[in-house]
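This report concerns only the one structure given below.
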Amino acid sequence: MTSKATILTAGIDVGSSAVKVAIVESEKGSGRERPGAKIVARTVERNRRRDPGQVVTLAFETALEHAGVKRGDLAYIATTGEGESVEERTGHFYGMTAHARGALYLDPSARAVIDVGALHARAVRFDERGRVLDYRMTSQCASGTGQFLENIARYLGVTLDEVGPLSQTGQNPEKVSGICAVLAETDVINMVSRGISAANILRGIHDSMATTLAKLLRSARAVGVVQVTGGLSADTGLLSELALAAAKLGGGKLDVQAHPDGVLAGAIGAALWGAFRTERLQSLGVGVTATA
Amino acid sequence: MSAGLDAIVERADALYHDIDLTCVKQWREAHGGARAVGYMPIYVPREIIDAAGMLPVGIMGGRGQIEIIRGDAWFQSYICQIPRSTIELALTGRLDCLDGFLFPSICDVIRNLSGMWRVLFPQKYTRYLDVPQNFDPAVGGRFFAHELGGLRDDLGKLAGRAISDDDLRASIARYNENRRAIEELIALRAEAPHRAPAWEAYLILYAGNLLPVEEHTAMVRDYVAAAKAATDRAPRDQARVVMLGSFCEQPPLMLVKTLERAGCYVVWDDTALGRRWPQGDVATDGDPIVALSDAFISRSPATAAKYQPEGDRGEPLVQIVKRSRAEGVVFGAPSFCDPALLDQPMLQDALDKVGIPWTAFKYAENLGQFQVIREQAGTFADSIRLWGEA
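Note that the protein sequences, when read in sequence, are chains F and X. Each number in this note's numbering comes from the position in the first sequence (counting from 1) with 7 added on. Each number in this note's numbering comes from the position in the second sequence (counting from 1) with 745 added on.
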C-alpha cells in the first residue's frame, strides 16, 4: 500500500455521539506541514448507545479495511477527543490541537476553526503552521451544540439530514433562547403548539446557535477564513446563519467555510500530528510504535 | 497486567482506601497490643518510633474519602484541606488506634493543628517536632540532635522501654534499605514510565504509611520486579514531566491518573516525599541520634517546606528535571498551601531562565472534577511534543 517514501498514520477522534477515523498517507521528511498528504480511508460510526470501545474497534477496523492495510502498517495511531482510553493508541492529542491541524489541512488559508460537536463547541485561532494561538469553549450549557439540535429535530419529526435545507427555507425565523437549552426546548414546544412552521423554528434555532458561535470566534480574536468542523459542519442551515451572525457582530471579516470532510477534521489532524511525531521520535532514537 | 502485578497493586489500593486504619488495628493485635504512633507529612524520624517496637503510621489527610462535617468548624475557610480532614478522622474515632501523634514543622497551619490536638486529646501523646532553620552542623545539627534526643526519651516512655542505640541502628538499617528500594522504583519511572505508571507508583509509596518498614520494602521490590517484567506495557508518545508541590496535602488519585491519560508521563514528583527523606543512607555506626541529625542537616531534599538559607532555590529543581530527563514541569499544589505557592514564582523564574516549560494548577484532596486539569495537562503535553525540542 505505502511506498518506502511515505508514512501511514491513523487518527481516531472519539466523540460523544460518533467515532471518526482517518487514515492518512504522507511523504517522509515533510515536517509539520506534510504537503501532499492524502486521506486513504475515512469512517464515521455513530455511537447509538453502544459500548464506546466496541464502536472504536468497529470504526477502526472498517477504516483499515477501506484502506486495504493492516494495523502493523501504521506507524502511529493517534487519538483525540475522548480517545485517551483507546488502548491501541501510540499517542493522544488534545482536541483543539487536532482540529486546528485538521482545519489547516482541509483549507490551507484557514486561520481559525469552530468545532461544533455533540456536547460543546470551541473556537480556536491558529497560525500558518497549525499552532494554537487562542481558544474559547462553550461552558456547561449545550444550547450551541449538536445534541441540542438533535433533540429539537426529534421534537419536530425531522431527520438530521433534512434540518439544514429545511431551515434555509424559513422566511420568518422565531426567536429562541440562546442562553439555555432547556428554556429553548420549552420555547420550541410552545412554538409547535402555536402552529409555527418547522422551517421557521429551525431557522430560529440556527440563528440562536450561530450567535453563540460567532461570539466564541470573536472572543478568540479570529479573523479571516474560519473552517467549521465537527458533526454540524454539514448543516447548511447553521453555516448560512453563522455567516450572517459573524457579519452582524462586526470586527474583522470572518469568511465562514466548511469542507465535506469537516466532521473528520479532528481525526485528520491527529493522524497528521502522528506522522510528524513518528519522524521526530525516530530522529531522537526513541522507540515508540503503534501497538499492533 | 500480570497476576503478580495485579495482586501487588490491589493490595496497595486496599491500603490506600483503608480509611479506618483496620490494618493498624490488625498489626496491634498480632503484636500483643503493641503501640502505634501517627505522624503528619512530611518528615519525621520514623526510625525512632520503629526502634521502640511501635508502628509508625503516616496520616496524609482524608484523601477525599470522608465527608468533612466537624473539621470545617475548627479552621477558617482560607486554609488548605488536610488539617480539616485530619481533625475529622480523629473526631470520628478513626485514629483511636494511635497512641500518639507527631506534627513535624511544615507550616503555621500544622503547628496550630498540633495545638488543637493537645486540647482535643489530652490523654494522647502529642509532639510538635521542630526542625532546624539553620543548617550549620554546629548550630542546627546540635539543636536537632537535642530535639531528637527528647523525642527518643518520650517515645521510650510511651513504649514502656528505653530505646537502645543498637535498637536505633538496626532500625536505621531497615529504613536505609527501604529508601534504597524506593530509589529503585523512582529510577524505573524515569527509565520506563510506561512500565510503572505514576498512579501505581503512588499507591506503592503510599502503602509505606501503614506497613511495617520491612513489609513495605518487600512490596516495593516485588512491584519493581513485576513492573520491569511487564513487557505488555508498551511505551507511548507522551511528554515527560516533573510534578511539584504535592509534598503535604496529597493530590486525589484520579488527578494523578488524569495527568497520565492526558498525555504526560510523570517521571518524578514530590508526593510522599517523607518516604525518601533523607536522601541516601543514614550512618549505622556511631551515635545514631547524631547520625539522624547529620543526615537531616546534610542530605534533606530541597523542598518548599524546608528552610533554605540562601542561593538559587530553583537550581535543585532544574537538576531534578535534567536527571529525570523531563521535558517540562507541572506545578500541582494544594489550594492555600503557603510553602508550595510562595516558592512557585522563584521556581518558575529559574525554569524560564533555562527554557524549561511549565504549567501550574491547584487542587484540594477532595477535588472531584478533573476536566479543567485534563485540558491543561493535555495542551501542555501537546505544546511540548509539537513545538518543543523533544
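The beta-carbon is built from N, C-alpha and C at its ideal position, and this holds for glycine as well.
Within chain F, the residues that residue i reaches when beta carbons sit closer than 8 Å
i, result
"A1007(X)", "E91, H99 and Y101"
Integer-rounded CB distance, given that residue j should sit under 8 Å from residue i
i, j, result
"P1061(X)", "K1107(X)", "Wrong, their Cβ atoms sit about 22 Å apart, outside the cutoff."
"Y784(X)", "L847(X)", "4 Å"
"L760(X)", "A952(X)", "5 Å"
"W1132(X)", "I1065(X)", "At roughly 23 Å, the Cβ-Cβ gap does not stay under 8 Å, so W1132(X) and I1065(X) are not in contact."
"L903(X)", "P790(X)", "Not a contact, Cβ separation roughly 15 Å."
"V782(X)", "V802(X)", "7 Å"
"Y101(F)", "T1124(X)", "5 Å"
"D765(X)", "R839(X)", "5 Å"
"G1008(X)", "Q1024(X)", "With a Cβ gap of about 30 Å, G1008(X) and Q1024(X) do not count as contacting."
"R1021(X)", "R924(X)", "6 Å"
"A272(F)", "V31(F)", "In fact, because the Cβ distance is near 12 Å, the residues do not count as touching under 8 Å."
"G109(F)", "G276(F)", "3 Å"
"G1019(X)", "G1077(X)", "Not confirmed; about 18 Å, so no contact."
"R1070(X)", "A935(X)", "7 Å"
Residue i - DSSP class collapsed to helix/strand/coil
i, result
"Q234(F)", "strand"
"Q810(X)", "coil"
"Q264(F)", "strand"
"G115(F)", "Note on identity: in this sequence residue 115(F) is Pro, with Gly being the wrong assignment. P115(F): coil per DSSP, three-state reduction."
"D977(X)", "coil"
"W1132(X)", "helix"
"A1050(X)", "coil"
"L140(F)", "strand"
"S204(F)", "coil"
"L223(F)", "helix"
"G886(X)", "helix"
"E91(F)", "helix"
"E32(F)", "strand"
"G257(F)", "coil"
"R57(F)", "coil"
"F283(F)", "helix"
"G18(F)", "strand"
"V165(F)", "coil"
"A299(F)", "Confidence is the limiting factor: at A299(F) the pLDDT is only 39, short of 50, which leaves the residue's position unreliable, though a coordinate-based value still follows. Three-state result, A299(F): coil."
"T300(F)", "The requested residue 300(F) does not occur in the structure, where chain F is confined to residues 8 to 299."
"T837(X)", "coil"
"P1090(X)", "helix"
"R906(X)", "coil"
"Q1114(X)", "coil"
"E960(X)", "helix"
"S1069(X)", "coil"
"T1029(X)", "coil"
Proximal residues of chain X, C-beta to C-beta of residue i below 8 Å
i, result
"R138(F)", "L1131 and W1132"
Neighbour list for residue i in chain X, Cβ cutoff strictly below 9 Å
i, result
"R284(F)", "D982, R1130 and L1131"
"R96(F)", "R981 and D982"
"G294(F)", "P980"
Per DSSP, cross-strand counterpart(s) of residue i
i, result
"G803(X)", "Y784(X)"
"H127(F)", "Note: H127(F) sits in no beta bridge, so no partner."
"H99(F)", "T86(F)"
"M988(X)", "D1014(X) and V1075(X)"
"R39(F)", "R39(F) is not bridged to any residue."
"C1009(X)", "A984(X)"
"P849(X)", "L874(X)"
"Y1108(X)", "P1079(X)"
"W1103(X)", "V1074(X)"
"D122(F)", "R129(F) and T236(F)"
"K27(F)", "D20(F) and V51(F)"
"K45(F)", "E32(F)"
"T13(F)", "E34(F)"
Contact set between residue i and chain X, taken where Cβ atoms lie within less than 7 Å
i, result
"G60(F)", "None at all; the shortest Cβ gap to chain X is about 15 Å."
"L288(F)", "D982"
Problem set entry | Residues in the stretch 958-991 of chain X having any Cβ partner in chain F nearer than 8 Å | For the stretch 958-991 of chain X, the set of positions with a beta-carbon nearer than 8 Å to some beta-carbon of chain F reads A979, P980, R981, D982 and Q983 in chain order.
Problem set entry | Chain-ordered residues of the stretch 1115-1126 of chain X with a beta carbon less than 8 Å from chain F | Per Cβ criterion, the list reads E1120, G1123, T1124 and A1126.
Exercise. The stretch 104-124 of chain F: which residues have C-beta closer than 8 Å to a C-beta of chain X, in chain order?
Worked result: Within the stretch 104-124 of chain F, the qualifying residues are T104.
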